[in-house]
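Here the structure comes first, spelled out in structure tokens, and everything after it is commentary.
There are 4 protein chains.
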Amino acid sequence: MTKIAVLTSGGDAPGLNACIRAVVRAGHYYNLQVIGIKRGFKGLIEKEFVSLKPRDVSMIINRGGTFLLSAREERFHHYEYRKVAVENLRKEGIDALFVIGGNGSFQGANLLVKEFDFPVIGIPKTIDNDTYGTDYTIGFDTAVNNAVDAIDKIRDTSVSHERVFVVEVMGRKSGFIALAAGIASGADVTLIPEYPFPMHVIVDSILQARKRGKRFSIVVVAEGVASGKEIAEILSEKLKPYDFGGVRYSVLGYIQRGGTPTVYDRIIASRFGVFAVEEYINGKKNIMVALENGKVVSKPLEVSFGKVKKPDLSDFELNNILTL
Amino acid sequence: MTKIAVLTSGGDAPGLNACIRAVVRAGHYYNLQVIGIKRGFKGLIEKEFVSLKPRDVSMIINRGGTFLLSAREERFHHYEYRKVAVENLRKEGIDALFVIGGNGSFQGANLLVKEFDFPVIGIPKTIDNDTYGTDYTIGFDTAVNNAVDAIDKIRDTSVSHERVFVVEVMGRKSGFIALAAGIASGADVTLIPEYPFPMHVIVDSILQARKRGKRFSIVVVAEGVASGKEIAEILSEKLKPYDFGGVRYSVLGYIQRGGTPTVYDRIIASRFGVFAVEEYINGKKNIMVALENGKVVSKPLEVSFGKVKKPDLSDFELNNILTL
Amino acid sequence: MTKIAVLTSGGDAPGLNACIRAVVRAGHYYNLQVIGIKRGFKGLIEKEFVSLKPRDVSMIINRGGTFLLSAREERFHHYEYRKVAVENLRKEGIDALFVIGGNGSFQGANLLVKEFDFPVIGIPKTIDNDTYGTDYTIGFDTAVNNAVDAIDKIRDTSVSHERVFVVEVMGRKSGFIALAAGIASGADVTLIPEYPFPMHVIVDSILQARKRGKRFSIVVVAEGVASGKEIAEILSEKLKPYDFGGVRYSVLGYIQRGGTPTVYDRIIASRFGVFAVEEYINGKKNIMVALENGKVVSKPLEVSFGKVKKPDLSDFELNNILTL
Amino acid sequence: MTKIAVLTSGGDAPGLNACIRAVVRAGHYYNLQVIGIKRGFKGLIEKEFVSLKPRDVSMIINRGGTFLLSAREERFHHYEYRKVAVENLRKEGIDALFVIGGNGSFQGANLLVKEFDFPVIGIPKTIDNDTYGTDYTIGFDTAVNNAVDAIDKIRDTSVSHERVFVVEVMGRKSGFIALAAGIASGADVTLIPEYPFPMHVIVDSILQARKRGKRFSIVVVAEGVASGKEIAEILSEKLKPYDFGGVRYSVLGYIQRGGTPTVYDRIIASRFGVFAVEEYINGKKNIMVALENGKVVSKPLEVSFGKVKKPDLSDFELNNILTL
């Protein structure tokens, strides 16, 4: 009987449990045995393997986080440990490894392909949505909804005090969360790492909005651009001459990453998981699952390496129109 | 100065306000005057027109319902009243009518095109997502998330009492909500109008799930198939010989239709609204905006008439796998 | 070592898990052994006993339902089965039984006291808040918040269509949920079993509200008065002469009972559980825990029997003022 | 006709709108005219007065923030500006001022009593719940629920990575939010300004919890003790010798202050508002409304001055038991 293993790697994202569940149940449906590996690559090295049957993934589709846990593992950067990992997999009779992870995890897993010819299937997840080669990564929709729920709350305060509010969202190198959160929360200005622009543009936007009669302002900034605090301090200085309720900031942080996954994340995670198993059944390997133009497809795993997925500039134009 | 009018028609859907806001601000951005028409076609006949400026649509992107209101209007089925409607539009100097509505509203609006050559732009909304010609209609994502939030709550009770629970969701002719809610909530069985199947299949599914060790069951049924009550009564009878915590049902009803729109609905409503105005600016008319393979496009308004959009059968297969 | 047992009985309520957790951890803290009994009185008869240690109740403070499960058990009405129950408890070396339940469960448990002199401690829970002798029962705050969340959503629709909306909430004999939900959602009229009033009063309230310029109406009805459907049909008939957006109804049902408990329910359930153990440690038995004037106290178990807890009439007066 | 004025002052809190609504409608019910003053004491000085009728406070019971707005006003510290304020009130024919505010606002308002014999009624609000003389202040329940919702999300991440997580909540001088959030979220340690304790106690608690098998830890800290960042850095250092998933922190910030008020806050705000008007009608003045042992009462306004309301130490004991 064919045996597959599944692990989650890197930062957690809402929908991971739904995806593990889908891999386990699809595996079972197609008569595969499924092994869960705890703590990502760490568990691969330390052989923390658990058998997973359909009942073991019951009642988790709506849980945030990953019940297989995740951990950093520096040792995986070294050949000898990757060798241990593959030996563990082979000793257990495992035929393929399903990695639910981001770009970095895919590159790590790909070394098992290159060095040991061990079959790998990647399923993209990251709340940042910045994996090249797929229009969507598991967790993004929930993360943005979490961010926007928070901004909706902050706006209550902002309006009551007629303030300028700077909200720092996640995104070290990537502005997808910021951009979507900015559009969906009616932000006056959104700052993302991919397209920087000078501070006076922000100040101008806010001043013009006040002239148009707007009594409060929301600025959304991706953490990769600057901290919310920095932006708030600069704005506070520049806006001093004008009569405002002051400038405040909030760092949304980890609340974006947790919580019950949205319907979209549950369904896409389920589709990705089932499709990944089906592609494997059909003989594919060393691929990643992806969403492209609304369809779930698969591609060579390397597609995503060394390339940068950028938000569409036209979204800025959209935001400019909408914040009039 | 060119003048456009916008109205919302038919059952309300989360995201309508975000869409009105987008039409108003895009209109303003492109130097159009925008008139809001209250209570849909009723306000067209009774000339309930209000001027809409960017500040008038402030703080509504996150509000459910429609601040332009909606109403049934039988008179619009008669030529003489449609004539009044067009006269009102022309007297006011309005050059085009933007209708945010479903299939029925589009057909009504299309009569203004056919009979009076009055330009119309349609923007599709309905929580049912069953408008032919577009992959998505405003309100669907929020409606399904509302339904799944409710089912998540119901599952707590269901599990605690080891019950079978029948949940009736909206969808008179259409199973999109039921199908998505079923997948996202891990339902054992989902019943939709498009693909009926006999009761014994449902009973078998539930009995087999119990044999596999599952201690509770969720059945999702679209209102168009049968009432939750009917299904629950039949199941209650058929499952009597077995040791269960009983069968209960719940009708989710109007809570699906209301509430703060999700990020997806806010963004798609915003995109649809801005794109609709831009297409008009570019000389298009008598079109509907649509989502197709992940892109916002426009099509002749008639595309959607007389055709039925059906869910993909493969989603049933997916559900079968996932509920193992 | 002293040994106590804990069970949950009757309809589930948000906060049960938090309360079990508190009993288990307080037991451990005071060097008691704690046994969980599954499926309430059923598990008592069938001896479904599990040992509960502090780690076994980890991560459940925020889960709805009860992980000890609940079930109906007709046999407990018969002396011979209660005898079996007590024999099971004694064979296991259990010194006292903690019952997290409502009025009926307390009366059942009290028979163990009367007939077999077996010590019992009651902790009141029911979403209805109608247990005599305590100002509060676990689950009420969450249930009302669930109801009001739903009504907030329904209001979006109601306003958009300028409708009258009848919302049926839980409460077969008791109006606490309806009354609180009515005040918190700004209902025009609230109907509860304790203080019935004729239909023309409701119609008058709605008509007068329209005269005052209100464009929609919410009527909250406890299920014990009449079904939402009945009330809606009567109103629909009576309001026909007037120009309204029509009358609709919604039955909130089981969504009130489930879901993540609110902070108040988590804290009160925790306090009740710890206090119950402490009272037992201090030599008290055959008592119920209660909230009285903001303090957690204990009382003889029988206090609650045969008496009816009624809402304060002054709350109606409050509602009349607030819905102006 | 008697005329009263109402304003909101200081930091906003969920439930302010519900309270304004209650004052306006109770005023109307008892045949008073009601004037709203915008931007707190600032609007008093600048005479930003608006007439408020029952319809003007429609649809706001569930809105966060305050539609009357709030602002800082340094000028109110000076006698000459307070004189202007009272002159404005008298010119407008206003007989009493209702101040929905915290301790500081009450002291400010009390100067109008002392210096000009102008009647004032105080209604306590602050998310911190630290106003002496009342068991509850409007906004606290919502703030804690907001905090706990966020911590529930953070726990998903914390568990998945087996981390120690430090969560900084609001409370500069007061630990009520931290303490309630700590109990309700199952925090391992809670740090509040009123009862400081040394760092090694925290480290010990976490290490002992790990020994008992706990795989993650939540530390809740009120901002008045130290920043979440500082605590996290110290813990990170001290826990380095042990095998952990690392230490992270999150500052919840302004999301605690906003959002839809809970049922409890809507009802208590409504009760406070109506009761305040009724006490005035009954001849009381220069009082504050308060909650005491579960009842709404009134007291001399000065009761709250110069005294510190502290959390009950027994809540720490409770938390120690619950986090076993």
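Chains as they are written, first to last, in the working numbering: chain A, 1 to 324; chain B, 325 to 648; chain C, 649 to 972; chain D, 973 to 1296. Built from N, CA and C at the ideal position, the CB exists for glycine as well.
Counting along the chain, Ser1276 (chain D) sits inside no beta strand (DSSP E), nor does DSSP assign it H or E at all. Classified as exposed, His1172 (chain D) has fewer than 16 neighbouring CB atoms from the shown chains inside 10 Å of its CB. Gly388 (chain B) has a beta carbon lying within less than 8 angstroms of a beta carbon in chain C. In the three-state DSSP reduction, Met1260 (chain D) falls in the strand class (E or B). Legend: CB atoms of the stretch 1222-1238 of chain D lying less than 9 angstroms from CB atoms of chain A belong to residues Ser1222, Val1223, Leu1224, Gly1225, Tyr1226, Ile1227, Gln1228, Arg1229, Gly1230, Gly1231, Thr1232.
Taking 8 angstroms as the threshold, the shortest C-beta distance from Asp1124 (chain D) to chain C falls below it. Not a single CB atom of chain B sits nearer than 8 angstroms to the CB of Asp117 (chain A).
The three-state reading of DSSP puts Phe197 (chain A) in coil, since its state is none of H, G, I, E or B. Per DSSP, the unbroken beta strand (DSSP E) holding Gln357 (chain B) starts and ends at 357-361.
Taking the beta carbon of His1000 (chain D) as reference, the chain C residues within 7 angstroms of it are Leu972, listed in sequence order. By the criterion of at least three beta-carbon pairs nearer than 8 angstroms, the stretch 932-939 of chain C is in contact with the stretch 764-782 of chain C.
In its chain, beyond the 5 residues on either side, Val672, Val682, Gly684 have a beta carbon closer than 6 angstroms to the beta carbon of Leu700 (chain C).
Of the candidates A:Arg271, A:Pro300, A:Gly283, the residue whose Cα lies closest to the Cα of Gly294 (chain A) is A:Arg271. Proximity of chain B to Arg896 (chain C) at the Cβ level (cut-off 8 angstroms) is accounted for by Tyr578, in chain order. For Thr790 (chain C), the closest alpha carbon among the candidates C:Gly781, C:Pro841, C:Gly907 is that of C:Gly907. For Val922 (chain C), the nearest beta carbon of chain D is closer than 8 angstroms to its own beta carbon. Per DSSP, Arg1127 (chain D) is not a residue of any beta strand (DSSP E); the alpha helix (DSSP H) it occupies stretches across 1112-1133. Nearest to Phe400 (chain B) by C-alpha distance, out of B:Pro624, B:Ala550, B:Val410, is B:Val410.
The alpha carbon of His402 (chain B) has as its nearest neighbour, out of B:Arg572, B:Pro520, B:Ile645, B:Ile369, the alpha carbon of B:Ile369. Listed in chain order, the positions of the stretch 64-78 of chain A with a beta carbon within less than 7 angstroms of a beta carbon of chain D are Gly64, Gly65, Thr66, Leu69, Ser70, Ala71. The bridge partners DSSP lists for Phe1039 (chain D) come to none.
Annotation for Val225 (chain A): Leu191, Pro193 place their beta carbon closer than 6 angstroms to its own, counting only its chain and skipping 5 residues before and after. Between the stretch 520-540 of chain B and the stretch 654-661 of chain C, the count of C-beta pairs closer than 8 angstroms stays below three; the two stretches do not touch. The Cβ neighbour count for Val598 (chain B), taken over all protein chains shown within 10 Å, is at least 16; the residue is labelled buried. About 7 angstroms separates the beta carbon of Val812 (chain C) from that of Leu887 (chain C), a gap short enough to meet the 8 angstroms contact definition. Look at Tyr1051 (chain D) here: in three-state DSSP terms it is helix. Residue C:Ser753 holds the alpha-carbon nearest to the alpha-carbon of Val768 (chain C) among C:Gly861, C:Ser753, C:Leu970. From the beta-carbon of Gly569 (chain B), the residues of chain C found nearer than 7 angstroms are Ala719. Taking the Cβ atoms as the reference, Asp130 (chain A) lies roughly 6 angstroms from Phe176 (chain A), within the contact range of under 8 angstroms. Residue-level contact by beta carbon holds for Arg536 (chain B) and chain A, with a gap shorter than 8 angstroms. In the three-state scheme derived from DSSP, where H, G and I count as helix and E and B as strand, Lys299 (chain A) is classed as strand. Taking a C-beta cut-off of 9 angstroms against chain B, the contacting residues of the stretch 160-190 of chain A are Ala180, Ala181, Ile183, Ala184, Ser185, Gly186, listed in chain order.
Annotation for Ala337 (chain B): no beta strand (DSSP E) segment contains it, and DSSP assigns it neither H nor E. Sorting A:Gly15, A:Pro14, A:Asn31, A:Leu16 by C-alpha distance to the C-alpha of Ile4 (chain A) places A:Asn31 at the top.
Taking a beta-carbon distance threshold of 8 angstroms, Thr650 (chain C) does not count as an interface residue toward chain B. Straight-line spacing of the CA atoms in Lys366 (chain B) and Gln580 (chain B) works out to 25 angstroms.
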